[in-house]
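J.: Just so you know, the sequence shown maps onto residues -22 to -1, 1 to 139 in mature numbering (1 follows the signal peptide of the UniProt record, and there is no 0).
Beta carbons: idealized from backbone N, C-alpha and C, even for Gly.
Since we're looking at a predicted model, the values are computed, not measured.
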Amino acid sequence: MTFHRRALLVAASAAACVSAAAVFAVSASGSDDVRVAVPVPDARVAAYCTALHARLPRTVDGLPRHGLKPDSPLTAGWGDPTIVLRCGVPRPAVDDDVNTPAAEVDGVTWSWEQGPDGSARLTTTLRKAYVELTLPAKYAHDATPLAELAAAVKTTIPAGI
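#1: Would you check if the distance between the CB atom of Y108 and the CB atom of V67 is smaller than 8 Å?
#2: Look at L63 and A71 and say whether their C-beta atoms are less than 8 Å apart.
#3: Suppose you measure from the CA of W88 to the CA of T122; what does that come to, to the nearest Å?
#4: Less than 6 Å between C-beta atoms, sequence neighbours within five positions excluded: which residues of the same chain meet that for W56?
#5: Suppose the cutoff is 6 Å on Cβ atoms and the five residues either side in sequence are ignored; what does the same chain contact list for P136 look like?
#6: If I follow the unbroken beta strand (DSSP E) through L111, where does it start and stop?
#7: Find out if the Cβ-Cβ distance for the pair V16, P48 is shorter than 8 Å.
#8: Whole angstroms are fine: how far does the CA of G45 sit from the CA of V131?
#9: Tell me the rounded alpha-carbon separation between A21 and L52.
#10: What number of angstroms, rounded off, separates the C-alpha of W90 from the C-alpha of T101?
#11: Given this structure, state the Cα-to-Cα distance separating A98 from E126, to the nearest angstrom.
#12: Looking only at C-alpha atoms, which of L104, L113, A115, P114 sits nearest to G138?
#13: Taking the CB atoms as reference points, tell me whether A25 and V86 lie closer together than 8 Å.
#14: By how many angstroms is the C-alpha of P35 removed from the C-alpha of C27?
Next up, the structure:
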């Protein structure tokens, strides 16, 4: 392969990567375009999660609630970048580690994991259903979302394991 052909191939590959990244950024930046994996809990847990979904606030930390894709009573989102709630997730492995950071906010205990991008993933502990909240780096050090979700979690998902 000649130098010019190789350079053209590299430039075309780079342009394709940039185009793909731009498409992803545009599709992920619109509030209702955020895609999440929907949990698949058993029927009892799904019932708790559906009740939680009905009690979730319209705003969290001043950020408006919006739909996610696919639409599900097991997920919710607020703001842009999106704070994502998923209910009915499996028990996180970090709960097996007694050194996992945890915080109790308004009667709800959350285990905490830091993401490589500065985000935080918090999961309720000691509840009949696990609720996962992913906070983008912009909000990762703010307990306001936890406080504003506590009442809905406490009234719809019983304590216990």
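T.: The relevant details are as follows:
#1: yes
#2: no
#3: 13 Å
#4: These residues qualify, in order along the chain: V38, L41, R43.
#5: Scanning its chain for C-beta atoms nearer than 6 Å, with the 5 sequence neighbours on each side dropped, one finds around P136 the residues K106, in chain order.
#6: In this chain, the beta strand (DSSP E) harbouring L111 covers 109 to 113.
#7: Taking 8 Å as the Cβ cut-off, V16 and P48 qualify as a contacting pair.
#8: 19 Å
#9: 12 Å
#10: Their backbone Cα atoms lie some 7 Å apart in a straight line.
#11: When rounded, the distance between both Cα atoms is 17 Å.
#12: L104
#13: no
#14: 14 Å
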